[in-house]
Amino acid sequence: MDVVQDLIQDLTISKLLSFGIIFGALILKVPQIQKILKNGSVEGLSSSMFILEALAFTNSIAYSFALGYDFYTYGESTFILVQLYMINFLIFYYRNLLLNFYIVIGSFFYFVYFVCTLMGVVPIEVLTLAMNLNLVLTIVSKLPQIYDNFVRRSAGQLSVISLFLQFAGSCARTYTTLQDVQDNIVLSGYLASAFLGFILIVQCLIYPSGEVTKPETSDEKKKE
12 MDVVQDLIQD
22 LTISKLLSFG
32 IIFGALILKV
42 PQIQKILKNG
52 SVEGLSSSMF
62 ILEALAFTNS
72 IAYSFALGYD
82 FYTYGESTFI
92 LVQLYMINFL
102 IFYYRNLLLN
112 FYIVIGSFFY
122 FVYFVCTLMG
132 VVPIEVLTLA
142 MNLNLVLTIV
152 SKLPQIYDNF
162 VRRSAGQLSV
172 ISLFLQFAGS
182 CARTYTTLQD
192 VQDNIVLSGY
202 LASAFLGFIL
212 IVQCLIYPSG
222 EVTKPETSDE
232 KKKE
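What follows is the structure in structure tokens.
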């Protein structure tokens, strides 16, 4: 009986956490969006981080949807993805890249891929491979931002509030994944996101924010 009660309690806590994560996801990136709009600048923001982050969330949604996982186990990814679209739009806008050929073509193929995954056209084997790549995407997306922050000794326009909310959400999702999904592929992504997110939070706390005259970011060098 005690074992059954403990199981019910764990499931209840897990579901409550999941709904809390989804609710929090509604405003997860809002502080970052507000900071960009308020300062009218994307100084110090690594566009590759937000682009690859959007791709990782896309893979997560497509994979979970295809396997029929309950929405409460991955629903926050949908709301975060919409906010990432807005951030990427602002980055492209402030850097005059909205009509860039590669951005336009890349966006077109991305949306074709996303629609096909939701329509069930993409084989589950391909989605599983894409989900396996999410761990790599999570690491690769954040490392350039961490490196740029270190080189510039500045967090630029990064929002520590958004970073903290994402870190807390990744930690909570680690628990709910263990309880509800038990998928090591999904779990590894949340663990990597939490670890690298913690590093970014520390950088935001020890480095000043805002525009500073420091070496260019890796994205800015590529633009030139």
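Residue numbers in the sequence shown follow my numbering, run continuously in steps of one, and reach 235 at the last position.
Ideal placement from N, C-alpha and C gives every residue a C-beta, glycine not left out.
(request) State the start and end residues of the unbroken alpha helix (DSSP H) segment that holds LYS153. (result) By one-based count along the sequence shown, residue 153 stands at place 142. Its alpha helix (DSSP H) spans residues 145 to 163.
(message) According to DSSP, is GLY51 part of a helix, a strand, or is it coil?
(response) In the sequence shown, residue 51 corresponds to position 40, counting from 1. DSSP places GLY51 in coil when its eight states are reduced to three.
(message) So if DSSP puts GLY180 in a beta bridge, which residue, or which two residues, is it bridged to?
(response) Within the sequence shown, the letter at position 169 stands for residue 180. DSSP lists no partner for GLY180.
(message) Determine whether the beta carbon atoms of LEU109 and PHE103 lie at a separation below 8 angstroms.
(response) Locating residue 109 in the sequence shown gives position 98, counting from the first residue. Locating residue 103 in the sequence shown gives position 92, counting from the first residue. Yes, they are a contact pair.
(request) Quick one: using the 10 Å Cβ neighbour count with 16 as the cut-off for buried, is CYS127 buried or exposed? (result) To locate residue 127, count along the sequence shown from 1; it is residue 116. The residue is exposed, with fewer than 16 neighbouring Cβ atoms inside 10 Å.
(request) Let me know the secondary structure DSSP gives PHE79 once reduced to three states. (result) Along the sequence shown, read from residue 1 onward, the residue named residue 79 stands at position 68. Correcting the residue identity first, residue 79 is Gly in this sequence and not Phe. Of the three classes helix, strand and coil, the one that applies to GLY79 here is coil, per DSSP.
(request) Could you tell me the distance, in whole angstroms, from the CA atom of ASP191 to the CA atom of VAL93? (result) Here residue 191 refers to the residue found at position 180 when the sequence shown is read from its first residue. Here residue 93 refers to the residue found at position 82 when the sequence shown is read from its first residue. Using only the alpha carbons, I get a separation of about 25 angstroms.
(request) Output the distance between the C-alpha atoms of PRO226 and ILE47, rounded to the nearest integer angstrom. (result) One-based indexing of the sequence shown puts residue 226 at position 215. One-based indexing of the sequence shown puts residue 47 at position 36. Unreliable placement is indicated for PRO226, whose pLDDT of 47 sits below 50; the coordinate value is still reported in the next sentence. Their Cα atoms are separated by approximately 20 angstroms.
(message) Out of ARG163, GLY200, TYR158 and VAL171, which one is the CA nearest neighbour of SER59?
(response) Taking the first residue of the sequence shown as position 1, residue 59 is located at position 48. Closest option to SER59, Cα to Cα, is TYR158.
(request) Please go through the same chain and pick out, in chain order, the residues whose beta-carbon is closer than 6 angstroms to the beta-carbon of PHE122, but skip the five residues on each side of it. (result) In the sequence shown, residue 122 corresponds to position 111, counting from 1. There are no such residues.
(message) I need the DSSP call for GLY86, collapsed to helix, strand or coil.
(response) The residue labelled residue 86 in the question sits at position 75 within the sequence shown. GLY86 falls in the helix class under three-state DSSP.
(message) Closer than 8 angstroms is the cut-off here; do at least three beta carbon pairs connect the stretch 69 to 87 with the stretch 29 to 41?
(response) yes
(request) With LEU56 as the anchor, note down where its alpha helix (DSSP H) starts and where it stops. (result) The residue given as residue 56 occupies position 45 in the sequence shown. Note, LEU56: premise wrong, no alpha helix (DSSP H); not H, not E.
(message) Considering only the alpha carbon of each residue, which of VAL213, LEU216 and GLN193 lies closest to LEU81?
(response) As a working mapping, residue 81 is identified with position 70 in the sequence shown. Looking at the sequence itself, residue 81 is Asp, so the reference to Leu does not match. Looking at the Cα atoms, GLN193 is the closest of the given residues.
(message) Taking a contact to mean a Cβ-Cβ separation below 8 angstroms, would you say ALA166 touches TYR201 in this structure?
(response) Here the question's residue 166 lines up with position 155 in the sequence shown. Here the question's residue 201 lines up with position 190 in the sequence shown. In this structure, TYR201 does not lie closer than 8 angstroms to ALA166 by Cβ.
(request) For THR23, count neighbouring Cβ atoms within 10 angstroms of its own Cβ and tell me buried if that reaches 16, exposed if not. (result) Translated into the one-based positions of the sequence shown, residue 23 becomes position 12. So THR23 counts as exposed.
(message) MET97 and ILE44 - do their beta-carbons sit closer together than 8 angstroms?
(response) As a position in the sequence shown, residue 44 is number 33, starting the count at 1. As a position in the sequence shown, residue 97 is number 86, starting the count at 1. Taking 8 angstroms as the Cβ cut-off, ILE44 and MET97 qualify as a contacting pair.
(request) Using the Cα positions of ALA179 and ALA141, report the straight-line distance between them to the nearest angstrom. (result) Indexing the sequence shown from 1 puts residue 179 at position 168. Indexing the sequence shown from 1 puts residue 141 at position 130. Computed Cα separation, rounded: 25 angstroms.
(request) Please name the residue, chosen from SER204, LEU28 and GLY208, that lies closest to VAL171 on a Cα-to-Cα basis. (result) In the sequence shown, counting from the first residue as 1, residue 171 sits at position 160. It is GLY208 whose Cα lies nearest to the Cα of VAL171.
(message) Let me check understanding here. Comparing Cα to Cα, which of THR187, SER173 and ASN50 lies closest to ILE91?
(response) The count along the sequence shown starts at 1 and reaches residue 91 at position 80. Nearest C-alpha to ILE91: SER173.
(message) Taking only three categories from DSSP, how would you classify GLY167?
(response) If you number the sequence shown from 1, residue 167 lands on position 156. Strand, per DSSP.
(message) Applying the 10 Å Cβ sphere with the 16-neighbour rule, what's the burial state of LYS40?
(response) Residue numbering aside, residue 40 sits at position 29 when the sequence shown is read from its first letter. The residue in question, LYS40, is buried, as its Cβ has 16 or more Cβ neighbours within 10 Å.
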